[in-house]
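Trainee:
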Amino acid sequence: MRVLATLLAKEFKQVFRNRFMVPVIFVIPLVQMILLTYAASLEMKGIKMAVVDQDYSQASRLLVSGFVGSPFFELSYSGNDFKEAERMLASERADVILHLYADFEERLFSEQRTDVQLVVNAINATEAGLINAYCARITADFNARVQGEWFGMETSGSLDLIPSYWYNPRLDYKIYMSSGILVILVTLIGLMLTALNLVREKEMGTTEQINVTPVHKYQFILAKLVPFWIIAIFELAFGLLVARVLYSLPMVGSLGLLFLFASVYILVVLGIGLFLSTVSQTQQQLMFIAFFFIVTFILMSGVFTPVESMPPWAQKINLLNPAAYFMKVIRMILLKGSEFKDISRDFFSLGIYAVLILTLAVTNYRKTT
Amino acid sequence: MKRFLGFVKKEFLHIFRDGKTLIILFGLPVVMIIVFGYVVTMDIHDVEVGIWDRSRDQETKHATRKIFSSGYFLPAGYLESEGEIGQFFRGGRAKVVVVFEEDFEKRLRAEGKAAIRLITDASDANSAQLSVTYLQGVLMSHFQSLNADVKMPWSVEVKSRMYYNQELKGVYMFVPGLMALILMLVSALMTSVTITREKEFGTMELLLASPLKPREIILGKVTPYLVLSLVNAITIILLGNLVFHVPVVGSIWLLLAQCMLYISLALSLGVLISTSAKTQQVAMVMSMLGLLLPTILLSGFIFPIDNMPKILQWLSAIIPARYFIVVIKSIMLKGTGMAFIWKETLILTGMTFFFIVAATRRFQIRLK
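Chains as they are written, first to last, in this note's numbering: chain D, 538 to 906; chain C, 51 to 418.
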């Protein structure tokens, strides 16, 4: 026990002596919370629209005003030169072209049907899909108006679809983004610090020195893990505070439950860091391996894109992705107020994971080379 | 020149000797493009939907079947009461609950109006919104097709054309973004770390004491990564083309030239970082935070820049990847030439010169 205490004191000193650590612990969460949260929005506004109205009739102007008046679109070109609009699309000065042909109104009256062409820059497929949906909605409004006001038709058989958004009625993406970013934060700090610290000792040759002392393997490893476990927990608390202040992140569920889950999660993360450090020889190597795992973990965890959208095999792989569990659970507890019985399965899976990965890492760690 | 070549050869050997790093260097782009191409999508499918049918008539049953046959939604079970909605959401069993009001069919027939509530677990705001949009689409078209025989006169139809990406594939976005990310990572991160490593181990002193000029040392360090990055760029383009059918519409030579420009930029940035970092750890953290996250988030890789708050839009103006992604998209997907991208090219060139000048000025020949 005394050996362990001494080792711990040494590790703490070593971590905090590094001038670099304090900014890493405090500044990174702040910057990430602010930058990431605001950047990660799929809210669409100010879609740049080029309008090519070759008809310029009463009907065409009414339709165009429906688009220009909506909060989604911003007029970036208005004229009758389709080629020019196409060039704007190519140079990113327009996202979508609304093209009304010269016989727009004429056909509406003579054939009772007319069409408009919509040209969307579809490189970003999600955005293109949304633009398309917005345009369809605006055109449907126009149709209803024309049919009702101009031709006095009654629209019948209508369906009221009333959406309501629970837990986040204003669809404030900052709330759910910031909770996801907390997970990224804890994962990044926990994994990188543990792994780098151990490999650094290896690379510098100071592990050798420890190896020749009577310190046990488990004591050494425990002394390495405890400081980073504490730092990671602290990081989470700090991040929660920042999110609370900046984005008034709701905390519906029990914080105790969250920290209980987090403490197991961090064990898994540290275990992975430890394991990675046993398989790499240099910091450079480790950084690449760690980078690969972190990026894969984060992208597959469902922080930016929903897990359900992934193919089944990817969802199976996610069973091995600790970040996917925590990402799900942190949102469940904070936003929905889920209780232990709702998350028990994830909790126990992660518990088993922790035991397995730590055992693997410890057995893989050799005192002799 | 011979001396310099010898040094470059040494650096190559240095890299190739480390098999693990090499595997990762080449494996990384391959795995990432597959992960991005298949896994990271915003498409909606298999969203769990619970049904609370308070009417239980032919119409609602029909509509329910229609929802689940659309391919986007999976049945999560039937609910009996308001209270169960919360249970479903808290337990993560359903993302959306569709509530048909009482006497749905009767109202639809008699009053020509009926209501469906779409209650969504919006703790994930983006996907909640997408699910609702899709559900609305499915239900709307279903109920419209019911009275399809009554054609509405005087209506305008929208004919959409999807330019540059007719099938709306998500991977079209990711290939350019991934190029920007991986090239930045391999070039900037690797150079900054290798140079700092020499400093940390004290071998930089040996190199500086050798007859090699500092310029030659840096160039020699950088050359292997230039080659490696170029190989990576070609791998990504090939993979995108062969596996995901992402075309290269424009000139391949222009594309490669632009890649070279971007790689040079990243390399000079790496050298600049190494001049101010003392240990590898510092260099890594600086590169990770300063380069990685902004390159993913502020470059328009995943999230459109236009949607961001103004401050972040300004901030994104100093992110090189932002311009590179525009360039790559223009050449690969739109097939446009220099006339459309000269501005971005100019900015990237300017940045490269700035980094080179700054790095040269900060480079210290003497160690403390």
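For each residue, glycine too, the CB sits at the ideal point set by N, CA and C.
Computed from a prediction, not measured in an experiment: that's the story for all the values here.
Evaluate glutamate 98 of chain C with the Cβ neighbour count: other Cβ atoms within 10 Å of its Cβ, from every protein chain shown; 16 or more gives buried, anything less gives exposed.
Mentor: Label assigned to glutamate 98 of chain C: buried.
Trainee: Using the beta-carbon count (16 or more within 10 Å), is asparagine 858 of chain D buried or exposed?
Mentor: Buried, because 16 or more other Cβ atoms sit within 10 Å of the Cβ of asparagine 858 of chain D.
Trainee: Answer yes or no: does any C-beta atom of chain C fall closer than 8 Å to that of serine 613 of chain D?
Mentor: Not an interface residue.
Trainee: For the alpha helix (DSSP H) holding glutamate 61 of chain C, just list the boundary residues, first then last.
Mentor: First-last of the alpha helix (DSSP H) with glutamate 61 of chain C: 52-67.
Trainee: Mind checking whether aspartate 174 of chain C and arginine 868 of chain D have CB atoms under 8 Å apart?
Mentor: Yes, they are a contact pair.
Trainee: Under the rule that 16 or more other beta-carbon atoms within 10 Å means buried, what is aspartate 199 of chain C, buried or exposed?
Mentor: Below a pLDDT of 50, predicted positions are generally treated as unreliable, and aspartate 199 of chain C, at 48, falls in that range; the measurement from the model is reported next regardless. With fewer than 16 other Cβ atoms within 10 Å, it is exposed.
Trainee: Chain C beta carbons: is any one of them nearer than 8 Å to that of glutamine 654 of chain D?
Mentor: Closer than 8 Å: yes.
Trainee: Count the C-beta pairs between the stretch 882-891 of chain D and the stretch 814-832 of chain D that are closer than 8 Å, then say yes if the count reaches three, no if not.
Mentor: Segments in contact, no.
Trainee: Closest Cβ-Cβ distance between arginine 167 of chain C and chain D: below 8 Å?
Mentor: So yes, arginine 167 of chain C belongs to the interface.
Trainee: Hey, out of D/Val605, D/Asn680, D/Phe828, whose CA is closest to leucine 235 of chain C's CA?
Mentor: Looking at the Cα atoms, D/Phe828 is the closest of the given residues.
Trainee: By the DSSP assignment, the alpha helix (DSSP H) with threonine 329 of chain C in it spans what residues?
Mentor: Run containing threonine 329 of chain C: none; DSSP gives neither H nor E here.
Trainee: Kindly provide the ranges of any beta strand (DSSP E) runs that are 3 or more residues long and lie completely inside the stretch 664-720 of chain D, ordered along the chain.
Mentor: List check, beta strand (DSSP E) in window: 695-703.
Trainee: When the distance is taken between beta carbons, is leucine 231 of chain C closer than 8 Å to phenylalanine 351 of chain C?
Mentor: It is a contact, given that the beta carbons lie within the stated cut-off.
Trainee: Taking C-beta to C-beta, are serine 337 of chain C and isoleucine 323 of chain C nearer than 8 Å?
Mentor: Yes, they are a contact pair.
Trainee: Distance, Cα to Cα, threonine 833 of chain D vs glycine 727 of chain D?
Mentor: Answer to the nearest angstrom: the Cα atoms are 16 Å apart.
Trainee: Using a Cβ-Cβ cut-off of 8 Å, state whether arginine 211 of chain C counts as contacting chain D.
Mentor: It does; some Cβ of chain D falls within 8 Å.
Trainee: Here's the rule: buried if 16 or more other CB atoms are within 10 angstroms of the residue's CB, otherwise exposed. What is methionine 570 of chain D?
Mentor: Buried, by the Cβ-count rule.
Trainee: Helix or strand or just coil, what does DSSP make of lysine 582 of chain D?
Mentor: Coil at lysine 582 of chain D, not helix or strand.
Trainee: Hey, quick one: how far does the beta strand (DSSP E) through lysine 384 of chain C stretch, first residue to last?
Mentor: Run containing lysine 384 of chain C: none; DSSP gives neither H nor E here.
Trainee: Just to make sure I have the definition right: I need the residues of chain D whose C-beta is within less than 7 Å of the C-beta of glutamine 179 of chain C. Which are they?
Mentor: By Cβ distance, chain D contributes Leu708.
Trainee: If you draw a straight line from the alpha carbon of valine 243 of chain C to that of tyrosine 312 of chain C, how long is it in whole angstroms?
Mentor: Cα to Cα, valine 243 of chain C sits roughly 19 Å from tyrosine 312 of chain C.
Trainee: Between alanine 898 of chain D and the rest of its own chain, which residues show a CB-CB distance below 7 Å, the 5 nearest in sequence each way excluded?
Mentor: Gly808, Leu811, Phe812, Thr815, listed in sequence order.
Trainee: From the DSSP output, which residues share a beta bridge with glycine 100 of chain C?
Mentor: BP columns for glycine 100 of chain C point to C/Gly127, C/Val147.
Trainee: Any C-beta of chain D within less than 7 Å: which residues of the stretch 267-280 of chain C qualify?
Mentor: Residues: none.
Trainee: If you draw a straight line from the alpha carbon of tryptophan 303 of chain C to that of glutamate 250 of chain C, how long is it in whole angstroms?
Mentor: Cα to Cα, the separation comes out at about 40 Å.
Trainee: Where does threonine 750 of chain D fall in DSSP's three states?
Mentor: Threonine 750 of chain D falls in the coil class under three-state DSSP.
Trainee: Can you find a CB in chain D that lies within less than 8 Å of the CB of alanine 198 of chain C?
Mentor: Annotation note: pLDDT 49 at alanine 198 of chain C (below 50); position unreliable, coordinate value reported separately. Output row for alanine 198 of chain C: interface = no.
Trainee: Just list the beta strand (DSSP E) runs in the stretch 627-661 of chain D, keeping only unbroken ones of 3 residues or longer that don't cross its boundaries, in chain order.
Mentor: Qualifying beta strand (DSSP E) stretches, in chain order: 633-637, 650-658.
Trainee: Where DSSP assigns a beta bridge to glutamate 611 of chain D, which residues make up the other side?
Mentor: Its beta-bridge partners are D/Lys585.
Trainee: Write down every uninterrupted run of the beta strand (DSSP E) in the stretch 296-359 of chain C whose length is 3 residues or greater and which is fully enclosed by it, in chain order.
Mentor: For the stretch 296-359 of chain C, not a single whole beta strand (DSSP E) run of length 3 or above is found.
Trainee: Let's see if you can read the secondary structure: which residues bound the beta strand (DSSP E) around alanine 16 of chain C?
Mentor: The structure shown does not extend to residue 16 of chain C, since chain C is modelled only from 51 through 418, so no value can be given for it.
Trainee: Using a Cβ-Cβ distance cut-off of 8 Å, determine whether glycine 127 of chain C contacts chain D.
Mentor: Not an interface residue.
Trainee: Quick check: what's the CA-CA separation for glutamine 861 of chain D versus aspartate 652 of chain D?
Mentor: For the sequence presented, residue 861 of chain D should be read as alanine rather than glutamine. Alanine 861 of chain D and aspartate 652 of chain D: Cα-Cα distance of roughly 46 Å.
Trainee: I'd like to know whether the C-beta of alanine 769 of chain D is nearer than 8 Å to at least one C-beta of chain C.
Mentor: Not an interface residue.
Trainee: Where does asparagine 901 of chain D land, buried or exposed, given buried means 16+ other C-beta within 10 angstroms?
Mentor: The residue in question, asparagine 901 of chain D, is exposed, as its Cβ has fewer than 16 Cβ neighbours within 10 Å.
Trainee: In chain order, what residues of the same chain have a beta carbon less than 6 Å from the beta carbon of methionine 788 of chain D, not counting five sequence neighbours either side?
Mentor: Around methionine 788 of chain D: Leu871.
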